[in-house]
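Heads up: the structure comes next, in structure tokens.
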Amino acid sequence: MVQLKPEDAARQAEAERQPLSREEALEWKTKKEREDGQILVDVTGADFDRALRMLRKHDGDMEKAANSLLNNPVEDAEERSREESLANIKENFGHLFENQNKSREHDAARSNGVIDLTGDNDNDPPMDTTTRFRATTRSPDPAWQMVPTNRTTKSEDDQLNEALKASWNDFAADESDAMLAEDVVPREGGRPIALRADVASKAYAALVIQCLFHIPQVRQRCSKLHPHSIDEGKPRFNPDAAMWSLIEMFTALDLGEVNVYLDEDLLNDWETAPLGPSDPVGNSSRSFLDQVVKVVQADLDEQQIETGPNFYKLFNFTHCRVHIPATGPPERVSPGPTNELVARLSQQLNTYNPDGSSTHHLIQRPSEIVTFEIAVIKGGFSTSGGGASPEPFAYPKCIYMDQFLEANVDLANETRASQMQIQKDLEQLAKKRRDITRFEDQDTFENLRGAIDYYENMAQCDSPERLATLRSMATKLKNALKKLESEVTAIDAKITILQQELDGLWDNPELKCHPYDLRAVLVHTGLPGRKQIYSYVQDKGTWWKTVDYTVTEVSEDLVLSDPSGLHLGAGPYMLMYSRRQSESEINERVQWPPFFVERTLKNNANFLNDPKIKNLEGANSKADPSPGVATGGGGGYGCRLA
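Residue numbers for the sequence shown follow the working numbering, beginning at 10 and rising by one.
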């Protein structure tokens with residue numbers, strides 16, 4: 010047994026802790042790298058040079074290098090060419106960057122985990138270690154993004170899930186099909202009356218009836234109809250019984266003194282189908298509306314209510330199909346999806362074929378009312394790309410139907426051709442602008458300014474020749490930057506002019522003779538329940554929102570941009586427009602059939618003389634009424650037509 014003295018043990022421990030010299034470390038690293046490369050060759054069957062390249066690419070990680078070789082047994086020619094190009098650049102031009110090479114060698118030695126304490130490299134030329142801070146002029150690398158570090162971020166899916174959860178919680182808390190007797194109150198100041206179906210599955214149809222009533226032309230035409238009767242009573246069979254109930258309800262909605270009517274007979278007379286859990290509310294509403302329109306229009310035609318050259322039918326318009334042969338060379342036509350009413354309508358009614366011909370569905374004689382069912386396209390639309398939120402469907406408060414009339418087919422086609430050409434020019438200008446200002450997702454101008462700043466302020470100039478070269482390069486870059494900025498300025502000016510021309514393209518007096526104003530909007534939040542579908546109606550210039558039995562005054566901006574149901578593939582599902590009328594025509598008092606008027610007035614008197622209502626009015630006279638909201642009856646109690 011050899012026994013070490015304490016001083017010998019200390020010297021041995023110190024020798025074990027002594028680091029390798031730089032040459033020894035590099036030799037050890039090279040030897041280990043070749044051994045690891047040979048192991049990769051044996052395992053994967055790749056050639057030795059490629060195994061070494063893959064090992065160096067993954068910083069010596071054997072597992073990652075082996076996975077890359079196994080997953081890609083055939084070397085990518087592009088990758089190999091890139092590696093060879095880099096090697097050639099280093100070999101041929103490395104002497105031009107002597108300082109950078111020394112710095113990188115120094116950094117490589119440090120990154121190997123070997124700390125040189127021997128002082129062997131103390132004779133190397135000293136390096137400038139002075140740190141100088143300055144503002145960067147380079148365009149930010151898109152691969153690096155700045156994010157807050159002290160705030161928890163949530164993905165879009167997490168935010169959407171939270172929004173859905175909150176919606177379901179609100180739905181569970183608010184969705185109650187019952188109404189209290191105390192909710193039945195007198196109508197406030199001409200506020201619209203809510204129409205509530207007796208069962209929740211038919212609430213969609215009640216909203217359609219309410220929207221129809223708030224279209225001036227519907228009230229004006231239907232008030233002139235004479236319902237069929239039997240011994241001055243309600244008919245027993247349809248469609249006469251359905252028309253009787255409809256006009257009776259219209260009379261009550263116009264002259265009633267209660268804030269809500271509970272319907273039991275009207276929707277039953279119209280044989281309304283209940284809305285199933287998987288039934289699209291838009292399809293069901295359209296089917297019910299088609300049923301009502303067919304019967305009402307038949308009665309109007311039978312009783313000759315719409316006679317005279319200046320009368321248009323209430324609902325039905327005549328239409329035709331026109332094919333225009335090719336008048337020029339074939340052109341590629343690929344219109345993208347649109348999320349705006351007029352643009353989508355134009356795409357559906359006008360088809361432009363690749364051979365230059367076109368097919369048009371045209372209106373010969375328009376109607377007083379135009380109704381649109383909005384079919385939500387799965388996935389929605391987004392102009393910002395990526396995972397951005399879908400955009401709501403856009404619809405105007407006024408639409409001109411002139412471009413869809415047969416009489417204007419030539420003018421509309423010329424305008425539409427100009428529109429497509431301007432849009433094409435705008436796309437080309439936008440692409441040209443992107444090509445100038447962006448390269449590899451970086452700002453070209455910022456990069457040029459950074460290069461100019463480098464040549465002027467940062468590059469080393471140790472000789473007059475070097476200084477002249479730097480100044481020459483900076484001048485060339487400045488001239489290039491100035492030229493590009495001038496081109497972009499000219500492009501922006503052209504885009505502004507074309508955009509103004511595009512915006513005013515349809516402002517032709519010949520195409521603005523048939524204005525239709527928005528009268529009603531039906532909206533679905535995407536959740537089940539009668540409170541998840543509601544209506545917006547316009548009455549005497551004011552917009553009102555009806556949710557179940559609650560009527561609230563709202564702004565026009567909300568009507569035109571309601572985001573409800575956006576993330577659930579829902580939202581507005583029906584729009585009702587009618588021909589523009591003057592204020593005097595809209596506010597003109599219509600004359601309903603006398604027996605319906607008498608019955609409504611009798612119901613009003615009975616309701617207002619009810620002791621509960623009198624007590625309620627007495628209490629309200631001592632306190633200010635709640636503005637903006639009127640509620641009404643339900644459950645087993647409410648105001649029904651006698």
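C-beta: ideal position from N, C-alpha, C; glycine also.
**OP:** Apply the 10 Å Cβ neighbour rule to residue 285 and answer buried if 16 or more other Cβ atoms are within range, or exposed otherwise.
**Re:** Position 276 of the sequence shown, counted from the start, is the residue given in the question as residue 285. Burial call: exposed.
**OP:** Report back the beta-carbon spacing between residue 220 and residue 529 to the nearest angstrom; my notes put them in contact at under 8 angstroms.
**Re:** One-based indexing of the sequence shown puts residue 220 at position 211. One-based indexing of the sequence shown puts residue 529 at position 520. Confirmed, about 4 angstroms.
**OP:** Can you check DSSP and say which residues form a bridge with residue 523?
**Re:** The sequence position of residue 523 within the sequence shown is 514, counting from 1. DSSP lists no partner for residue 523.
**OP:** Provide the residue span of the beta strand (DSSP E) that contains residue 374, from first to last.
**Re:** The count along the sequence shown starts at 1 and reaches residue 374 at position 365. Per DSSP, residue 374 belongs to the beta strand (DSSP E) from 367-374.
**OP:** Drop a sphere of 10 angstroms on the beta-carbon of residue 245, count the other beta-carbons inside from all chains shown, and report buried for 16 or more, exposed for fewer.
**Re:** On the sequence shown, residue 245 is found 236 positions in, with the first residue counted as 1. Flag for residue 245 reads exposed.
Original post:
With respect to the beta strand (DSSP E) encompassing residue 582, which residues constitute its N-terminal and C-terminal limits?
Top reply: Indexing the sequence shown from 1 puts residue 582 at position 573. Note, residue 582: beta strand (DSSP E), 580-588.
Original post:
Can you name the start and end residues of the beta strand (DSSP E) that residue 4 belongs to?
Top reply: In the structure as shown, the chain begins at 10 and stops at 651. Residue 4 is therefore absent and cannot be evaluated.
**OP:** Report buried or exposed for residue 506, applying the criterion of at least 16 other Cβ atoms within 10 angstroms of its Cβ.
**Re:** For this step, residue 506 is matched to residue 497 along the sequence shown. Classification of residue 506: exposed, given that the 10 Å Cβ count is below 16.
Original post:
Could you give the residue range of the alpha helix (DSSP H) that holds residue 298?
Top reply: Mapped onto the sequence shown, residue 298 falls at position 289. Counting along the chain, the alpha helix (DSSP H) containing residue 298 begins and ends at 290-311.
Subject >> For residue 330, the three-state DSSP class (helix, strand or coil) >> reply: Translated into positions along the sequence shown, residue 330 becomes position 321. Three-state DSSP puts residue 330 in a strand.
Original post:
Quick one: any contact between the stretch 413-431 and the stretch 490-506, if contact means 3 or more CB pairs under 8 angstroms?
Top reply: Not touching, per the Cβ criterion.
Original post:
Quick one, are the C-beta atoms of residue 211 and residue 289 less than 8 angstroms apart?
Top reply: In the sequence shown, the residue the question calls residue 211 occupies position 202. In the sequence shown, the residue the question calls residue 289 occupies position 280. For residue 211 and residue 289, no; Cβs fall outside 8 angstroms.
Original post:
How many Å lie between residue 630 and residue 270 at the Cα?
Top reply: Residue 630 sits at position 621 when you count from the first residue of the sequence shown. Residue 270 sits at position 261 when you count from the first residue of the sequence shown. With a pLDDT of 48 at residue 630, under the threshold of 50, the modelled position of this residue cannot be trusted; read the value that follows with caution. Each residue's alpha carbon lies about 24 angstroms from the other.
Original post:
When DSSP builds the beta bridges, which residues end up paired with residue 81?
Top reply: Taking the sequence shown and counting its residues from 1, one reaches residue 81 at position 72. Under DSSP, residue 81 shares a beta bridge with no residue.
**OP:** With distances taken Cα to Cα, identify the nearest neighbour of residue 570 among 549, 598, 403 and 485.
**Re:** For this step, residue 570 is matched to residue 561 along the sequence shown. With distances taken between CA atoms, residue 570 lies nearest to 403 out of 549, 598, 403 and 485.
Original post:
How do the stretch 525-541 and the stretch 296-306 stand: do at least 3 beta-carbon pairs fall below 8 angstroms, yes or no?
Top reply: Contact between the stretch 525-541 and the stretch 296-306 is not established, with fewer than three Cβ pairs separated by less than 8 angstroms.
Original post:
Between the Cα of residue 586 and the Cα atoms of 551, 330 and 378, which residue gives the shortest distance?
Top reply: Counting from one through the sequence shown, the residue named residue 586 turns up at place 577. Nearest C-alpha to residue 586 among 551, 330 and 378: 378.
Subject >> Whole-angstrom C-beta distance between residue 259 and residue 230, which should lie under 8 angstroms >> reply: Here the question's residue 230 lines up with position 221 in the sequence shown. Here the question's residue 259 lines up with position 250 in the sequence shown. Not confirmed; about 11 angstroms, so no contact.
**OP:** Provide the residue span of the alpha helix (DSSP H) that contains residue 488, from first to last.
**Re:** As a first step, residue 488 must be located in the sequence shown, where it is residue number 479. Note, residue 488: alpha helix (DSSP H), 473-512.
**OP:** Give every residue of the same chain whose Cβ lies closer than 6 angstroms to the Cβ of residue 411, excluding the five residues on either side of it in the sequence, and list them in chain order.
**Re:** Residue numbering aside, residue 411 sits at position 402 when the sequence shown is read from its first letter. Excluding sequence neighbours, residue 411 sits near 417, 520, 522 and 523.
Subject >> Status (buried if at least 16 other CB within 10 Å, exposed otherwise) for residue 376 >> reply: If you number the sequence shown from 1, residue 376 lands on position 367. Taking all protein chains shown into account, residue 376 has 16 or more neighbouring C-beta atoms within 10 Å of its C-beta and is therefore buried.
Original post:
Buried or exposed: residue 78, going by 16 or more other Cβ atoms within 10 Å of its Cβ?
Top reply: As a first step, residue 78 must be located in the sequence shown, where it is residue number 69. Under this definition residue 78 is a buried residue.
Original post:
Pick from 466, 320 and 601: whose alpha carbon is nearest that of residue 588?
Top reply: Locating residue 588 in the sequence shown gives position 579, where the first residue counts as 1. The residue with the shortest Cα to Cα distance from residue 588 is 320.
Subject >> C-beta atoms of residue 323 and residue 606 nearer than 8 angstroms >> reply: Residue 323 sits at position 314 when you count from the first residue of the sequence shown. Residue 606 sits at position 597 when you count from the first residue of the sequence shown. Cβ atoms of residue 323 and residue 606: not closer than 8 angstroms.
Original post:
Using the rule of at least 16 other Cβ atoms within 10 Å of the residue's Cβ for burial, across every protein chain shown, is residue 242 buried or exposed?
Top reply: One-based indexing of the sequence shown puts residue 242 at position 233. By the neighbour-count rule (16 or more Cβ atoms within 10 Å), residue 242 is not buried but exposed.
Original post:
Hey, how far is the Cα of residue 251 from the Cα of residue 307?
Top reply: Here residue 251 is taken as the residue at index 242 of the sequence shown, counted from 1. Here residue 307 is taken as the residue at index 298 of the sequence shown, counted from 1. When rounded, the distance between both Cα atoms is 13 angstroms.
Original post:
Hey, is the stretch 425-435 in contact with the stretch 595-610, meaning 3+ C-beta pairs nearer than 8 angstroms?
Top reply: No contact exists between the stretch 425-435 and the stretch 595-610.
**OP:** Using only alpha-carbon positions, find the residue among 467, 460 and 466 that is nearest to residue 485.
**Re:** In the sequence shown, residue 485 corresponds to position 476, counting from 1. Shortest Cα-Cα distance from residue 485 to any of 467, 460 and 466 involves 460.
Original post:
According to DSSP, is residue 282 helix, strand or coil?
Top reply: Residue numbering aside, residue 282 sits at position 273 when the sequence shown is read from its first letter. In the three-state reduction of the DSSP assignment, residue 282 falls in the coil class.
Original post:
If we ignore side chains and look at the alpha-carbon of each, how far apart do residue 658 and residue 464 end up?
Top reply: This structure cannot speak to residue 658, because the chain is shown only from 10 to 651.
Subject >> Cβ shell of residue 71 (< 8 angstroms), same chain only, five flanking positions each side left out >> reply: Within the sequence shown, numbered from 1, the residue matching residue 71 stands at position 62. Once the five neighbours on either side are set aside, the close Cβ partners of residue 71 are 45, 48, 49 and 64.
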